[in-house]
Structures are given as C-alpha cells and as structure tokens.
Amino acid sequence: MASKARFARYAWSCSRDRIDEVLDREDKPASVALRAAGIDARLFDRVLRPFLTGVFLEPELRTSRHFLDLTLRSFVRGRPSLPGSGMRAIPYQLRDALPDGTVTVGSPVRRVAPGIVEYDGGSLEARAVIVAADGTNASTLIPALAAPQWNSVTTWYFVTPAGTTITDGLGVLVLDGDASGPVINAVALSNAVASYSPDSRVLVSASTLGTDTGTEHLERVRAHLQRMLGTPTATWEMIGVYPIAHALPAMLPPFEVRRPVSLGNGLFVAGDHRDTSSIQGAMVSGRRAADAALRSLGVRVIE
Ligand SMILES: Cc1cc2nc3c(=O)[nH]c(=O)nc-3n(C[C@H](O)[C@H](O)[C@H](O)COP(=O)(O)OP(=O)(O)OC[C@H]3O[C@@H](n4cnc5c(N)ncnc54)[C@H](O)[C@@H]3O)c2cc1C
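Following this line, the structure appears as structure tokens:
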C-alpha cells in the first residue's frame with residue numbers, strides 16, 4: 023500500500039509541477055527514477071513495467087525519466103481516448119483546415135535544399151521549407167541530422183465470433199503482470215469505441231515487441247491472449263497484423279526534449295524525433311517549426 027501511495031505522489035507531482043521543473047530534474051532511466059521514488063519490486067514488476075513497456079516499447083524501462091514524467095503528467099491531467107473515426111481523424115482535421123489543393127499525397131520527396139523541394143513528378147520553390155518526415159527519412163533528406171535509434175512493435179487485430187463478450191464489455195487496457203507471453207497489452211477496441219466494429223463482433227488489438235509475424239509467433243499470441251482475456255481465441259479471425267520497425271524513436275537519457283528545428287537558410291525540420299516520441303511531441307515540434315519559419319519570413323507570431 024505504501025508503495026502505491028508513493029507512486030501516486032510521484033505521478034501527482036509530475037502533473038502539478040511546471041514543465042520546466044519536470045525537465046530540470048536530473049535525467050536517468052525511468053526504472054531508476056521509479057525505484058528511487060520508493061516503488062517496491064512488486065508494484066514495479068507486476069504493474070508499472072508491463073504498462074510502461076507498452077508506452078516506451080522497451081521492457082527494461084531504460085527510457086528517459088523526463089519522458090516518463092511527461093507521460094505521467096498527461097495521464098493524470100487528461101484521459102486516454104481514440105477518435106470515433108480512427109486515428110486518421112487527426113491528419114484529416116489538419117488537412118481540412120487548409121485551402122483546397124494545399125496538400126499533395128503520393129509524391130515522395132527526393133531532395134530538399136534551401137529554397138527548393140524536389141518530388142516525384144515535380145519541384146517547388148519556397149522561401150521556407152519544413153521537412154516533417156520521420157527521423158530516418160528526415161536524415162536521408164538532410165544528412166546533417168542524425169537518424170534515431172528505433173523501438174519496434176507489431177500490432178495484431180482479431181475479430182471474435184458474434185456474441186462473444188470480452189472484459190465484460192469494458193474497453194480497458196489488459197496487461198499481464200506475470201509477463202507470461204509475448205503480448206505486452208491488449209484491448210477490446212470496439213468496447214471502447216463501438217463504431218470500430220460494424221456488428222456485434224468484438225475487435226481486439228494486441229501488441230508485441232519486435233516485428234515477428236510468423237505462424238509460431240501468432241500461435242503464442244493467441245495462447246497468451248486466451249490467458250489474459252480468459253476466453254478461447256482459437257476461432258478468432260486475424261484481420262490484420264502490422265509490424266512497425268520504426269515505431270518510436272528511442273529516448274535514452276540524457277534526453278533533450280526540445281531539439282533544434284531551425285537548420286538555417288530557410289530549412290526547418292519537424293517530427294517526433296525533435297521533441298518526445300509521441301503524437302503530442304510531433305504536434306509540438308510542428309508548431310515550433312511553423313513559428314520559426316514564420317519568424318524567418320518576417321511574420322509576427324502571436325504566442
Ligand atoms: C503502433 C503505434 C502506436 C502508437 N500509439 C501512440 C499513442 O497512443 N499515443 C501517442 O502519442 N503516440 C503513439 N505512437 C507514436 C506516434 O504515432 C508517433 O510519435 C507520431 O505519429 C510521429 O509523428 P510524425 O509526424 O513525427 O511522424 P510520422 O507519423 O512518421 O509521419 C511522417 C510522415 O512523413 C512521410 N514521409 C517520410 N519520408 C517522406 C518523403 N521522402 N516524402 C514524402 N513524405 C515522406 C511518411 O510517409 C509519414 O507519413 C504510436 C506509434 C505506433 C507505431
């Protein structure tokens with residue numbers, strides 16, 4: 023109980039302190055910071071490690087405590103959620119706010135240089151160029167940028183037979199405190215967002231570390247899910263599996279949360295590799311890059 027109270031106090035302080043205070047704390051691996059906060063081995067191994075493995079995509083919790091603290095801050099202050107029309111709703115919202123024809127898709131950029139962007143099928147001249155690619159592609163386009171190390175994940179999607187009930191209809195994240203198989207977390211997605219299933223079948227997603235999608239691994243995933251969710255999984259239809267080698271840029275300490283976005287000569291860079299490895303980090307970096315580009319063009323930016 024004392025350990026839970028210590029963790030609650032730790033998370034609460036992350037949520038209440040100013041961001042600069044959070045980032046002023048000495049950086050160290052998340053595992054070390056949690057143990058130093060007095061979290062005992064049981065709470066650490068059975069709850070925090072399984073949960074944070076799914077957030078950091080690495081089980082040793084070597085990730086920077088600065089990212090841990092910002093993550094806890096968000097979890098205390100906000101509520102995990104999914105858009106009703108899927109994750110694509112976020113880029114669609116951004117696109118729809120722009121004049122028609124602003125966004126071109128399916129035209130990979132092959133070269134950028136100050137003032138010019140060359141893509142398949144043409145080129146553009148611009149006084150400011152923002153490269154908003156993932157860290158590896160950004161470093162190909164701009165060799166001065168270092169490519170990040172990546173943490174990998176595979177997401178498996180299953181559909182249950184009609185009439186199956188999972189976790190009593192709750193859309194909760196299910197963890198295995200015994201880490202008795204490859205699944206790091208699972209969720210009955212359509213319990214959380216009914217529109218993710220067209221009928222009474224349940225859409226279940228499960229994540230595993232790495233990119234193995236082989237048949238034997240699938241069998242281990244099914245067996246593990248059966249133990250975690252307490253229901254037979256042999257008849258579940260697997261409708262998709264997505265191995266993502268470049269899922270999250272690793273954030274090892276000492277971790278610089280805000281990396282430069284202005285590269286000089288009208289060239290800017292944005293993406294989660296400039297801030298934290300998250301949607302929030304990607305959006306903050308986009309705003310920082312946009313502000314920097316506007317300033318370089320002499321446009322007044324209202325903070
Ligand atoms: C399975 C999974 C689950 C996740 N869950 C969460 C979560 O719950 N919460 C959270 O905050 N984060 C989550 N993340 C992390 C989050 O998705 C990323 O941090 C975020 O998408 C990074 O955004 P970005 O714009 O920096 O890069 P990206 O989303 O990678 O976008 C970069 C874009 O650039 C394009 N591109 C690359 N090269 C070129 C080129 N040469 N020409 C043209 N286009 C190019 C790519 O096609 C891509 O569309 C998750 C990631 C994964 C893989």
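Letter by letter, the sequence shown follows residues 23 to 325 of our numbering.
Just so you know, even glycine gets a beta-carbon here, dropped at the ideal spot from N, CA and C.
Small disclaimer: the values here were computed from a predicted structure and weren't measured.
Residue of the options minimising C-alpha distance to residue i
i             : options                        : result
threonine 177 : Pro170, Phe89, Val205, Ala150  : Val205
leucine 285   : Leu163, Val215, Ala208         : Leu163
alanine 154   : Ser202, Arg296, Leu316         : Arg296
threonine 75  : Leu270, Val283, Gly303         : Leu270
proline 276   : Ser25, Ala52, Ala24, Trp34     : Ala52
glutamate 43  : Arg68, Asp91, Gly60            : Asp91
leucine 94    : Gly108, Phe78, Tyr114, Met109  : Phe78
serine 217    : Ala148, Asn207, Leu146, Ser107 : Ser107
valine 209    : Asp190, Ser202, Ile324, Ala58  : Asp190
alanine 214   : Arg40, Gly262, Thr187          : Thr187
serine 174    : Arg110, Arg242, Glu80          : Glu80
Residue range of the unbroken beta strand (DSSP E) whose run includes residue i
i              : result
leucine 146    : 144-147
methionine 273 : Unbroken run through methionine 273: none, as it is neither H nor E.
glycine 286    : 284-286
isoleucine 138 : 138-141
valine 153     : 151-153
Alpha carbon of residue i to alpha carbon of residue j, nearest angstrom
i             : j              : result
histidine 88  : serine 300     : 13 Å
alanine 168   : aspartate 294  : 14 Å
alanine 135   : serine 161     : 13 Å
glycine 193   : tyrosine 32    : 26 Å
aspartate 234 : glycine 157    : 23 Å
histidine 239 : tryptophan 172 : 21 Å
leucine 289   : alanine 314    : 10 Å
glycine 236   : threonine 182  : 21 Å
valine 196    : arginine 38    : 28 Å
leucine 56    : aspartate 46   : 17 Å
proline 72    : methionine 273 : 18 Å
leucine 65    : methionine 260 : 33 Å
valine 123    : arginine 117   : Looking at the sequence shown, residue 123 is not valine but glycine. So the alpha carbons of these two residues sit roughly 10 Å apart.
serine 212    : arginine 244   : 19 Å
Residue i - containing alpha helix (DSSP H), residue span
i            : result
glutamate 48 : No alpha helix (DSSP H) contains glutamate 48, which DSSP labels as neither H nor E.
leucine 289  : Careful: leucine 289 lies outside any alpha helix (DSSP H), inside the beta strand (DSSP E) at 289-291.
serine 174   : Where serine 174 is concerned, there is no enclosing alpha helix (DSSP H), although the beta strand (DSSP E) it sits in stretches over 172-181.
valine 306   : 301-318
alanine 30   : 24-38
alanine 168  : Careful: alanine 168 lies outside any alpha helix (DSSP H) and carries neither H nor E.
Open item on the list: My parser needs the alpha helix (DSSP H) runs of 4 or more residues fully inside the region 55-133; what are they?
Closed with: 71-78, 87-99, 111-118
Open item on the list: Threshold first: 3 residues or longer. Then list the beta strand (DSSP E) segments lying entirely within the region 207-251, N to C.
Closed with: 225-231
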